[in-house]
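Report on the following structure.
Residue numbers (this note's numbering): 220 to 607.
Listed below in structure tokens is the structure:
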């Protein structure tokens, strides 16, 4: 469990640093939503390129190398943010190193969890990891809000230094058999199920057995449908959520915006930990549609304090239900792929973000944010239908 906590602390640090870069570029360098879209596009391209390298290293067991590369890239990123980010160009350069760090760090995290625990425990550990990550993310933001950027940077650098010098060498352990074992057991189970159903299917009157076979086939699902649903979801969430800091910061201010992210992170963590097993893909998908309809209504109404509060609550709920949706997708994908190539899930997710960033230029330049939400609604509806 200590291993999970160490990994989660690092993943939360990556997420917080991501937000710090965006807020810094918006507040200190006056980056517009369109400029942020371009920077996000570059970030996504860098992430995809280095994720392809990371997937190869991860599948061959080089978790320690991935961890070191990720930590080193993050230290460079933070150094540029602190000492060389007076212009948007240098801030963007630092943000690109953050993309490299995230690519290596995310694959290292997934492979480490898959190889550290029995394959039957993967879902439980990943859910716990997701929940803890949201709580710690909120804690980091509290440090940022009340103790300032310098304290956050010092905390991050201290953690990275200790991690590089002490923790990673001690926790480095690649057994290399858990994913192989899980794949073998799953194949054997499937062969056993198939042979039983082939025997039962000889009786044409046994409707119950045919129904069970249908259920089994549906349960296996399609990796392609999972990834297609993820791609559409990623495009939708990118065009909806990425402009939010630039959109809200002028209305509610920096402090209130960070408070929203703090509460959002904590609520998402509580939601996943408490309700993940009770709320399925269909419910999460349907909830996202209802929330987007609410957001469209609010954005088309006159601006007021009441509508701003509804907007904030709507975005928070959308993030919560979408996190539940994508977490379920990943757990299904991870089990179907036996833990191999799990990084491709992140690559597809980020590819959707790249498409979303390209789309933002068009929407924000000529049509407006309401049409962004409507487009996101259509994409999420399709993603729900694909995965049914």
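Glycine included, each C-beta is placed from N, C-alpha and C at the ideal position.
Because the structure is a prediction, the values reported are computed rather than measured.
Exercise for the section: Pick out whichever of 297, 579, 369 and 604 has its Cα sitting closest to the Cα of residue 594. Expected result: 579
Handout entry: Whether residue 353 touches residue 488 by CB criterion (9 angstroms)
Key = yes
Handout entry: Rounded straight-line distance, which links the Cα of residue 545 to that of residue 226
Key = 20 angstroms
Exercise for the section: Go through its chain and collect everything with a Cβ distance to residue 311's Cβ below 6 angstroms, but skip five positions before and after it. Expected result: 258
Handout entry: N-terminal and C-terminal residue of the alpha helix (DSSP H) that residue 493 is part of
Key = 473-494
Exercise for the section: Starting from the N-terminal side, write out each stretch of the alpha helix (DSSP H) that is 4 residues or longer and does not extend beyond the region 258-291. Expected result: none
Exercise for the section: Say whether the region 450-458 touches the region 322-332, bearing in mind that this needs 3 or more beta-carbon pairs closer than 8 angstroms, one atom from each stretch. Expected result: no
Handout entry: residue 313 versus 284, 364, 238 and 366, residue with shortest Cα-Cα distance
Key = 238
Handout entry: Where residue 286 falls, given that 16 or more other Cβ within 10 Å makes a residue buried
Key = buried
Exercise for the section: Output yes or no for whether 9 angstroms exceeds the beta carbon distance between residue 574 and residue 271. Expected result: no
Handout entry: Sequence-distant residues of the same chain with beta carbon closer than 8 angstroms to residue 374, five excluded per side
Key = 359 and 362
Handout entry: residue 502, DSSP secondary structure in three states
Key = helix
Practice task
Return the first residue and the last residue of the alpha helix (DSSP H) that residue 577 is part of.
Solution key: 562-581
Practice task
To the nearest angstrom, report how far apart residue 512 and residue 530 are at their CA atoms.
Solution key: 11 angstroms
Problem - Three-state secondary structure assigned by DSSP to residue 462 - result: coil
Practice task
Return the residue from the list 564, 599, 357 and 561 that minimises the CA-CA distance to residue 234.
Solution key: 357
Handout entry: Other residues of its chain near residue 317: CB distance less than 8 angstroms, five sequence neighbours each side excluded
Key = 233, 236, 237, 240, 262, 292, 293 and 296
Handout entry: Closest by C-alpha distance to residue 445, when choosing among 351, 551, 228 and 246
Key = 551
Practice task
Hey, could you find the ends of the alpha helix (DSSP H) residue 250 is sitting in?
Solution key: It is not in any alpha helix (DSSP H) - residue 250 carries neither H nor E in the DSSP assignment.
Practice task
Determine the extent of the alpha helix (DSSP H) in which residue 553 is found, giving its start and end residues.
Solution key: 524-555
Problem - C-alpha gap between residue 472 and residue 599, whole angstroms - result: 30 angstroms
Exercise for the section: Consult DSSP for residue 357 and reduce its assignment to one of helix, strand or coil. Expected result: helix
Handout entry: Boundaries (first-last residue) of the alpha helix (DSSP H) holding residue 441
Key = No alpha helix (DSSP H) contains residue 441, which DSSP labels as neither H nor E.
Problem - Whole-Å CB distance - residue 562 paired with residue 250, under 8 angstroms assumed - result: With 8 angstroms as the limit, residue 562 and residue 250 do not qualify as a contact, their Cβ atoms being about 29 angstroms apart.
Handout entry: Cα-Cα separation, residue 519 to residue 500
Key = 29 angstroms
Handout entry: Local Cβ density within 10 Å of residue 494, reported as buried at 16 or more and exposed below that
Key = exposed
Practice task
Would you identify the three-state DSSP class for residue 602, choosing helix, strand or coil?
Solution key: helix
Practice task
Within the same chain, show all residues whose beta-carbon is closer than 6 angstroms to that of residue 342, passing over the 5 residues directly before and after it, in chain order.
Solution key: 550
Exercise for the section: Would you mind stating whether residue 485 and residue 252 have Cβ atoms separated by less than 9 angstroms? Expected result: no
Practice task
Would you kindly check if the distance between the Cβ of residue 246 and the Cβ of residue 255 is under 9 angstroms?
Solution key: no
Problem - Start and end residues, alpha helix (DSSP H) containing residue 333 - result: 307-335
Problem - Chain-order list of residues whose beta-carbon lies under 6 angstroms from that of residue 506 (same chain, five-residue window excluded) - result: 540
Problem - residue 343 in three-state terms, based on DSSP - result: helix
Handout entry: Exposure of residue 536, with buried meaning 16 or more beta-carbon neighbours within 10 Å
Key = buried
Exercise for the section: Determine the direct distance from the alpha carbon of residue 364 to that of residue 592, and round the result to whole angstroms. Expected result: 29 angstroms
Problem - Neighbourhood of residue 372 by C-beta distance below 8 angstroms, restricted to the same chain and skipping five residues each side - result: 297, 300 and 301
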